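According to the working numbering, the sequence shown holds residues 14 to 200 in order.
See below for the structure under consideration.
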Amino acid sequence: MSQQQRFKLFNRQSRAFSEGTVEYINHQWIFFDGETDEASSLDEYLNHDIEIFRSGRWCKGTIGENGTVTHNGQVFDLEHDESIRIRKQLIYSFERLLDELNDDSFFQFVTTLNSLDFSVYDCIYSYNQLTFLRTATTQSGVNFFIFDNGTLLCSVQHHFFYSVKEHDRFEFTLNTGKRIIIEKINA
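Here it is, written out as structure tokens:
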């Protein structure tokens, strides 16, 4: 699986964006989250990916200072009460794990998570033990993740043993009691 295939899988994830509107209030751009009605300064999202709904379609860009958006090298201004969506950021330790998983384990993990109606963007807690073992010849331990899709919770334990072979075991447990275990061994 190439980086491009991983990128495509990320782009197909549900709940990848916070959607809402922007308003210019007291000389400051404010983002109003459509789901939670929370207001936050657009400055918190500087250099984040953004999509703006204009002319009946979503246009991609990057948020700049003072309500500017850069798209294909062009800079334009946001409009008051405009609909936007901002790509959510992954929890750092979870993102590191996804980057470090081999392609087969990555694909199995993400597709199983998706089959349970969870997205990688639903991760609300992450503990990545691998971060502390990077210099060890043999790496062994457990990582913990909790996902919340707004309806269900899912706890994932990632048991790993990396030496000559890479052994990954993911245990998914939903708050309904449903459990799925997948295991991947790579030479």
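Virtual Cβ for every residue (Gly too), placed ideally from N, Cα, C.
Remember, it's a predicted structure, so these values are computed and weren't measured experimentally.
DSSP places THR151 in the coil class of the three-state scheme, outside both helix and strand. Look at the segment 99 to 154 and you find these whole runs of beta strand (DSSP E), each 3 residues long or longer: 136 to 140. CYS167 and VAL123 have their C-alpha atoms some 13 Å from each other. Taking each of THR81, SER27 and PHE174 in turn and checking the Cα distance to GLN41, the smallest one comes out for THR81. No residue range can be given for LEU59, since it is assigned to no beta strand (DSSP E) and is classified by DSSP as neither H nor E. The continuous beta strand (DSSP E) containing ASN199 extends over residues 192 to 199.
If the five residues before and after ALA52 are omitted, its C-beta is found closer than 6 Å to the C-beta atoms of ILE43 and PHE45, all from its own chain and listed in chain order.
In terms of Cβ geometry, PHE120 and ILE137 do not form a close pair [threshold 9 Å]. Rounded to the nearest whole angstrom, the CA to CA distance from GLY86 to VAL35 is 22 Å. Burial check for TYR105: the Cβ neighbour count within 10 Å stays below 16, so the residue is exposed.
Pairing GLU184 with VAL169 gives a Cβ-Cβ distance under 9 Å. Linking GLY33 to LEU111 through their CA atoms gives a straight-line distance of about 28 Å.
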